[in-house]
Amino acid sequence: MNFFKKLKESLTGKKTEDSGTSNQDTEKKSAEVLKKGLEKTKNSFFGNFSKSLVGKSKISDQELDSIEETLLKSDIGIETSLKIIDGLENRVRKDKFIHTNEIYDFLKDEIKNLLLQNKKDYSFSDEKPYVIMVVGINGVGKTTTIGKLAHQFNKNNLSVTIGAADTFRAAAIDQLEVWSNRTNAKLIKQKMGSDPASVCFDTLKSAKSNDSDVVIIDTAGRLHNNVNLMNELTKIKKVMSKVSINAPHEVILVLDATTGQNAIEQAKQFSKATEVDCIALTKLDGTAKGGIAIGISDQLNIPIKYIGLGETVNDLQLFDKDKFVDTLFSNEN
Amino acid sequence: MFQNLSEKLERAFKTLKGRATISDINVAQTMKEIRKALISADVDYKTAKSFTDKVREKAIGQKVLTSIEPGQLLTKIMKDELAELMGSESTDIQIERGLTKILVAGLQGSGKTTFSGKLALYLKNNKKLKPLLVACDVYRPAAIDQLEILSKQVNADFYCERDNKDPVNISKNAIKFSKTNNNNLIIIDTAGRISIDQEMMNEIGEIKKAVSPSETLFVVDAMTGQDAVNTAKNFNEVLDFDGVVLTKLDGDTRGGAALTIRSVVNKPIKFIGTSEKMEGLDVFYPDRMASRILGMGDVISLVERAQQQFDEDEARKIQKKIAKNKFGFDDFYKQIQQIKKMGSMKDLVGMIPGVGKNIKDMDIDDDAFKSIEAIINSMTPKERSNPEILNGSRRKRIAVGSGNSVSEVNKLIKQFLQMSKMMKMMQGGGKNRVMDMLNNQMQRR
Ligand SMILES: Nc1nc2c(ncn2[C@@H]2O[C@H](COP(=O)(O)OP(=O)(O)OP(=O)(O)O)[C@@H](O)[C@H]2O)c(=O)[nH]1
Ligand SMILES: Nc1nc2c(ncn2[C@@H]2O[C@H](COP(=O)(O)OP(=O)(O)OP(=O)(O)O)[C@@H](O)[C@H]2O)c(=O)[nH]1
Ligand SMILES: [Mg+2]
Ligand SMILES: [Mg+2]
């Protein structure tokens with residue numbers, strides 16, 4: 134399999150004919166992981182709707198209120214929730230008798246319409262390695278997501294070089310070292326406290342001379358309202374383009390699903406500093422519903438690409454909006 | 171988003187303007203707006219509802235004094251109610267006579283390990299304790315190394331067992347060790363866990379049983395959304411924790427989770443995290459948090475942040491110079507550097523009550539200082555310390571040198587002179603005068 138084909142496959146999750154059966158196994162397993170991870174989300178979502186709607190054929194103010202409650206409780210946010218409910222109300226005005234099931238379908242459609250899925254096909258230049266930069270605020274799961282990504286690439290026989298550009302947080306480099314060992318990735322690092330831009334420069338140089346397929350850059354967590362640190366990010370990005378003109382080819386913003394409305398501001402500010410391409414939404418295996426993803430898709434047009442469902446190498450999934458929304462509302466348990 | 175809430179409140183209050191009393195009718199719409207605003211600040215849906223119900227109860231029938239507007243009265247009722255809900259005073263850590271044992275727990279990435287280090291430093295400095303930091307996260311890659319590095323940074327003793335995968339056992343051994351090592355404080359850092367992971371929740375329960383801590387602290391990210399309810403409830407069910415630590419408040423989140431957690435589990439918030447650094451820990455002040463959630467501008471933290479960042483010595487020197495009328499452009503330049511260290515201008519300005527809404531759509535350029543710096547850099551040392559010698563030809567030269575127009579140079583010099591005058595005036599009253607000014611500003615709203 135040629136390089137770009139493989140790369141594309143592991144980036145988009147699309148299978149080509151020559152993928153082995155072992156891939157199907159992991160596919161199955163990962164579907165289970167996804168289902169298990171989303172189960173909690175679904176139960177609370179569906180639970181609420183059942184309570185409010187079962188046995189009634191009309192949608193009343195009270196029921197609309199209860200839908201509003203369900204949406205808001207999922208961190209979908211006032212603006213986006215109102216948008217969804219407006220649509221629902223329009224429908225009610227047209228067709229006064231709506232059965233519970235119809236409301237589910239309609240809600241699903243409404244939410245799906247707002248959700249962007251990463252559809253961008255990678256327009257590969259001849260530039261190799263393919264450089265991915267991972268950014269986000271503190272503790273959202275950047276380093277872990279990088280470990281999971283490296284594992285995906287490694288599984289697809291792509292060689293990975295990781296750059297330890299978090300030179301600030303205690304043991305950030307050691308943490309990345311463990312992940313790169315787990316995933317057969319090469320780690321480029323400097324001492325704690327050294328210049329992150331210089332680490333990135335080294336990483337790209339080294340990856341080039343080693344003919345690495347993919348480079349993943351880990352950056353230090355930073356709050357989006359910290360101007361100096363956001364500027365640093367812009368600088369890091371710029372330095373990379375000196376080694377490889379189009380690098381980084383992809384900037385992934387990691388967001389924590391437990392985060393509330395502040396995530397929207399995070400997405401805004403990180404986009405401003407680094408032109409974020411897509412989002413990885415982590416910790417969806419917990420009780421958080423991750424509704425911010427809907428608000429961010431709707432308001433900022435940044436697609437969701439990955440979801441994190443745990444702390445091991447396999448707990449990364451491509452975001453699938455149909456699956457995501459269907460699982461939220463599906464009847465089967 | 172940052173100004174969202176205050177804006178909404180202002181809109182809501184408009185309907186109350188010019189009424190003599192607050193009645194059920196004129197308050198209903200307002201309460202709805204407030205509820206929305208609270209939810210936008212990440213307060214839990216139910217908490218927001220019961221909160222506005224309570225505020226409405228207190229507000230109805232209140233006579234509106236002619237001197238204050240109904241909106242202000244309502245703001246006050248709300249703020250008092252919020253502060254009360256969050257506990258009316260800050261609570262300190264329970265220090266035992268012998269060994270104080272603190273267990274730290276929470277979700278993944280919430281800031282437990284960082285807080286453990288910070289707390290060791292805080293209690294070492296403030297209570298003269300001899301801390302032992304214990305690494306009980308046996309799962310996360312390099313979790314042990316992280317705590318070890320932090321323990322060195324804060325100069326605290328450290329305990330770990332790298333080959334032992336049983337945190338219950340490690341914590342027991344650590345207590346034994348602390349006795350021979352003469353520690354009177356142990357802080358146990360545990361792995362992050364999601365609250366529905368039964369196995370992991372059992373584990374933390376077992377650690378608690380084995381240790382019987384003086385305090386169990388639940389560490390939670392201030393940016394947490396609606397999930398705060400579930401997480402706080404689930405952790406509290408297993409741990410019945412004693413207090414809450416709210417981290418990453420140096421961000422621009424409203425922090426509504428603070429209100430949610432408080433009302434759901436009724437446990438005091440004890441500490442807040444305000445930076446990644448080991449010094450970034452503060453005790454919790456309910457009234458400040460109330461202001462923050464309500465978006466009235468956290469004046470006190472603004473003042474404090476300014477104080478923190480301004481080098482004390484430098485400040486004293488500058489004060490002397492002001493007193494002697496020797497405040498020059500050099501000092502001004504230094505002050506600009508200090509202000510820049512404090513963070514984004516928009517952020518800082520946004521903290522000032524009444525200003526927030528006005529700058530929402532205005533783009534405050536953080537490079538605003540650039541041209542000022544350029545102008546000052548084009549001055550000679552003599553001109554910097556003696557601004558009065560800046561005559562026309564000097565101004566012209568500076569304008570050319572700094573790439574600005576003469577009128578821009580004039581404007582800066584004029585502002586500078588006004589500022590030095592004002593600073594001299596403020597010297598007598600000091601901080602209180604500034605606070606008065608800011609308070610007046612708030613009254614006027
Ligand atoms: N349950 C769960 N935990 C996760 C997930 N992703 C990351 N974590 C955990 O979250 C914590 C923080 O993850 P890191 O990868 O260190 O986060 P980071 O963004 O690199 O953090 P900083 O570099 O400190 O800003 C760790 O305990 C991870 O194991 C996920 O999808 N689910
Ligand atoms: N800005 C800011 N960052 C913080 C604060 N507290 C912690 N952090 C950062 O948040 C990230 C996670 O902190 P940790 O202490 O590793 O979190 P943890 O809860 O121990 O994480 P796990 O052990 O993986 O569950 C790190 O990057 C910290 O530097 C704070 O108050 N402000
Ligand atoms: Mg990291
Ligand atoms: Mg930790």
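As they're listed, the protein sequences go chains H and A.
Each residue of the first sequence is one higher than the one before, counting from 134 in the numbering used here.
Each residue of the second sequence is one higher than the one before, counting from 171 in the numbering used here.
No residue lacks a Cβ here, since even glycine has one placed at the ideal position from N, Cα and C.
Taken in chain order, the complete alpha helix (DSSP H) segments of 4 residues or longer contained in the region 343–396 of chain H are 360–376. A Cβ-Cβ separation of about 6 Å places Ile357/A in contact with Leu289/A under the 8 Å criterion. DSSP, reduced to helix, strand and coil, places Gln396/A outside both helices and strands of the structure shown, so it counts as coil.
Put simply, the backbone Cα of Gln399/H is about 40 Å away from that of Phe497/A.
As summarised for the region 536–569 of chain A, the continuous alpha helix (DSSP H) elements at least 4 residues long and confined to that stretch are 538–547, 551–555, given in chain order.
Scanning chain A for C-beta atoms nearer than 7 Å to the C-beta of Asp198/H yields nothing, as the closest lies near 11 Å away. Here Ile263/A carries a coil assignment [DSSP, helix/strand/coil].
Annotation: Lys298/A to Asn361/H spans about 35 Å, alpha carbon to alpha carbon. In the same chain as Lys378/A, and ignoring 5 residues on each side of it, the C-beta atoms closer than 7 Å to its own belong to Leu273, Thr386, Leu409, in chain order.
Taking 9 Å as the cut-off, the beta carbon of Pro381/H is found closer than this to the beta carbon of Ile265/H. The C-alpha of Asn556/A lies about 16 Å from the C-alpha of Lys504/A. For Ala318/H, the closest Cβ of chain A is not nearer than 9 Å. Taking C-alpha positions only, Ile437/H is separated from Leu249/H by approximately 7 Å. Asp333/A is the residue among Ala398/A, Asp333/A, Lys447/A whose C-alpha sits nearest the C-alpha of Ile314/A. Shortest gap from the CB of Ala353/H to any heavy atom of ligand 1: under 8 Å. Among the residues facing chain H, Thr394/A is included, as its CB has a counterpart in that chain under 9 Å away. Membership of Ile463/A in the alpha helix (DSSP H) is indicated by the continuous run 456–464. Per DSSP, reduced to three states, the secondary structure at Val389/A is strand. With a 10 Å radius around the Cβ and a threshold of 16 neighbouring Cβ atoms, Ile364/A comes out buried. Counting along the chain, Asp223/A sits inside the alpha helix (DSSP H) bounded by residues 215–229. In this structure, Lys319/H lies near Ser345/H, with their beta-carbon atoms less than 9 Å apart. Distance from the CA of Ser374/H to the CA of Ala406/H, rounded to the nearest whole angstrom, comes to 15 Å.
With its beta carbon less than 9 Å from one in chain H, Glu318/A belongs to the interface. With contacts defined as CB atoms closer than 9 Å, Asp212/A and Arg424/A qualify as a contacting pair.
Within chain A, no residue has its beta carbon less than 7 Å from that of Ala413/H; the closest one is some 14 Å off.
Here Met371/A carries a helix assignment [DSSP, helix/strand/coil].
Taking CB atoms only, Glu398/H has a neighbour in chain A less than 9 Å away. In chain order, Ile568, Ser572, Asn574, Val579, Leu582 place their CB closer than 7 Å to the CB of Ile545/A, counting only its own chain and leaving out the 5 sequence neighbours on each side. The alpha-carbon separation between Val347/H and Gln507/A amounts to approximately 41 Å. At a cut-off of 9 Å between C-beta atoms, Gly281/A counts as an interface residue with respect to chain H.
If you look at Gly428/H, you'll find it in the alpha helix (DSSP H) that goes 425–433. Annotation for Gln285/H: the continuous alpha helix (DSSP H) segment containing it runs 275–288. Legend: CB atoms of the region 262–295 of chain A lying less than 9 Å from CB atoms of chain H belong to residues Leu277, Gln278, Gly279, Ser280, Gly281, Thr283, Thr284, Gly287. In terms of beta-carbon proximity, Asn404/A lines the interface with chain H, with at least one pair separated by less than 9 Å. Between Gln323/A and chain H, the shortest Cβ-Cβ separation is below 9 Å. Beta bridge pairing from DSSP links Ala305/A with Asp359/A.
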